[in-house]
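The sequence shown lines up with residues 12 to 233 when you count with this note's numbering.
Here's the structure we're looking at; comments come further down.
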Amino acid sequence: MNKIEISPSVLGADLMHLSDEVRRVENLGISWLHLDHMDGHFVPNISFGPDFVRAMRKETGLFLDVHLMLSHPLAYLDAYVQAGADLITVHMEADDDPETTLRAIAARGIKAGISIKPGTCPEKIEPLLPLCDLVLVMTVEPGFGGQSLREDCLAKIPVLQEMIKKTGRDILIEVDGGVKADNAAKVIAAGADVLVMGTGLFQAKDPKAVVDQVMGAAECVR
Ligand code: DX5
Ligand code: ZN
12 MNKIEISPSV
22 LGADLMHLSD
32 EVRRVENLGI
42 SWLHLDHMDG
52 HFVPNISFGP
62 DFVRAMRKET
72 GLFLDVHLML
82 SHPLAYLDAY
92 VQAGADLITV
102 HMEADDDPET
112 TLRAIAARGI
122 KAGISIKPGT
132 CPEKIEPLLP
142 LCDLVLVMTV
152 EPGFGGQSLR
162 EDCLAKIPVL
172 QEMIKKTGRD
182 ILIEVDGGVK
192 ADNAAKVIAA
202 GADVLVMGTG
212 LFQAKDPKAV
222 VDQVMGAAEC
232 VR
């Protein structure tokens with residue numbers, strides 16, 4: 012069984028004090044950092060680009076989990092890889108052919124992930140699993156932090172687990188959108204390995220208590 016990871020989404024952080032926010036994550040004993048990239052086309056919001064990843068890479072050794080909400084991810088892969096991404100996740104629903112994109116990510120020597128929006132069924136990505144290191148299940152419509160988790164999306168996880176088992180590969184399942192201390196146990200029980208937490212961690216009064224609650228839930232449930 013994989014250990015549970017928290018991947019804090021920087022979208023929920025205090026953008027005026029990013030180095031402090033990165034230190035805060037490191038001091039909590041977390042090893043991942045989730046960086047959301049939005050192009051104003053695939054999703055109705057605009058966020059960061061490759062230079063942001065480069066700046067983060069200089070600042071930290073955290074595992075940089077890059078979530079591309081872009082219509083044409085293929086065109087930007089080199090920029091993100093050169094900037095220092097450790098994992099690039101692209102959307103099944105993006106315009107570029109996902110198989111070509113996933114192969115291109117792997118060819119650049121980093122980890123590759125595929126993401127599905129709430130309306131996309133897991134069967135769509137089954138043929139792509141042999142090319143993936145991670146599957147990202149969106150539990151909100153992508154584009155904004157601070158939304159509520161859609162519990163119906165968690166039902167996709169056991170279906171994915173069965174498909175993953177058949178591949179014989181070690182593929183992580185990540186859940187993104189509305190994950191908070193009070194629903195983390197449900198998300199972990201559903202089978203998630205990586206929990207993205209934006210506002211649920213960065214805007215919590217006591218982030219250490221959030222981490223303890225998530226890790227406590229992981230111990231009980233798994
Ligand atoms: C939404 C992003 C998420 C977002 C999560 O499109 O992919 O990573 O930042 O934020 P919270 O945890 O606040 O829902
Ligand atoms: Zn994300």
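Note that CB positions come from ideal geometry on N, CA and C, so glycine has one too.
| query | Are Pro141 and Gly188 touching if we call contact CB-CB under 9 Å? | reply | no
| Does the Cβ of Val153 lie closer than 8 Å to at least one heavy atom of the ligand ZN? | Checking the sequence shown, residue 153 turns out to be Pro, not Val. Yes.
| said: Going by the DSSP bridge assignment, what does Ala123 pair with across the sheet? | reply: Ile99
| task | Please name the residue or residues paired with Val205 in a DSSP beta bridge. | result | Glu16, Glu185
| query | When every heavy atom of the ligand ZN is checked, does at least one fall within less than 8 Å of the C-beta of Leu22? | reply | Leu22 Cβ: within cutoff of the ligand ZN.
| With distances taken between CB atoms, is the gap from Ser58 to Val207 smaller than 9 Å? | No, these two residues do not count as a Cβ contact at 9 Å.
| request: Can you give me the Cβ contacts of Val36 inside the same chain, cut-off strictly under 7 Å, excluding the 5 residues immediately before and after it? | output: Pro19, Leu44, Leu73
| Assigned exposure category for Cys164 - 16 Cβ within 10 Å defines buried | buried
| said: I'd like to know whether the C-beta atoms of Asp76 and Arg119 end up nearer to each other than 9 Å. | reply: Taking 9 Å as the Cβ cut-off, Asp76 and Arg119 do not qualify as a contacting pair.
| query | Taking the beta strand (DSSP E) that Leu145 falls in, what are its first and last residues? | reply | Per DSSP, Leu145 belongs to the beta strand (DSSP E) from 145-149.
| Option in Val64, Lys135, Glu230, Met103 with minimal Cα separation from Leu46 | Val64
| Measuring CB to CB, does Val222 end up less than 9 Å from Ile199? | no
| field | Simplified DSSP assignment, three categories, for Leu79 | value | strand
| task | List the endpoints of the continuous alpha helix (DSSP H) containing Asp47. | result | Counting along the chain, Asp47 sits inside no alpha helix (DSSP H); it lies in the beta strand (DSSP E) bounded by residues 43-49.
| Under a Cβ-count criterion, where at least 16 other Cβ atoms within 10 Å of its own Cβ denotes burial, should Ala94 be classed as buried or exposed? | buried
| query | Within 10 angstroms of its Cβ, does Cys245 collect 16 or more other Cβ (buried), or is it exposed? | reply | With the chain running from 12 to 233 in the structure shown, residue 245 is simply not present.
| field | Whole-angstrom distance between Ser30 and Lys176, CA atom to CA atom | value | 39 Å
| Regarding Gln158 and the ligand DX5, is the C-beta to nearest heavy atom distance less than 8 Å? | yes
| query | Are the beta-carbon atoms of Met174 and Pro133 separated by less than 9 Å? | reply | In this structure, Pro133 lies closer than 9 Å to Met174 by Cβ.
| message | Per the DSSP calculation, Ile57 is bridged to which residue(s)? | response | Answer by DSSP bridge pairing, in chain order: Asp50.
| query | Pick from Glu137, Leu160, Asn38: whose alpha carbon is nearest that of Gly179? | reply | Glu137
| request: Could you tell me whether any non-hydrogen atom of the ligand DX5 is closer than 8 Å to the CB of Val146? | output: no
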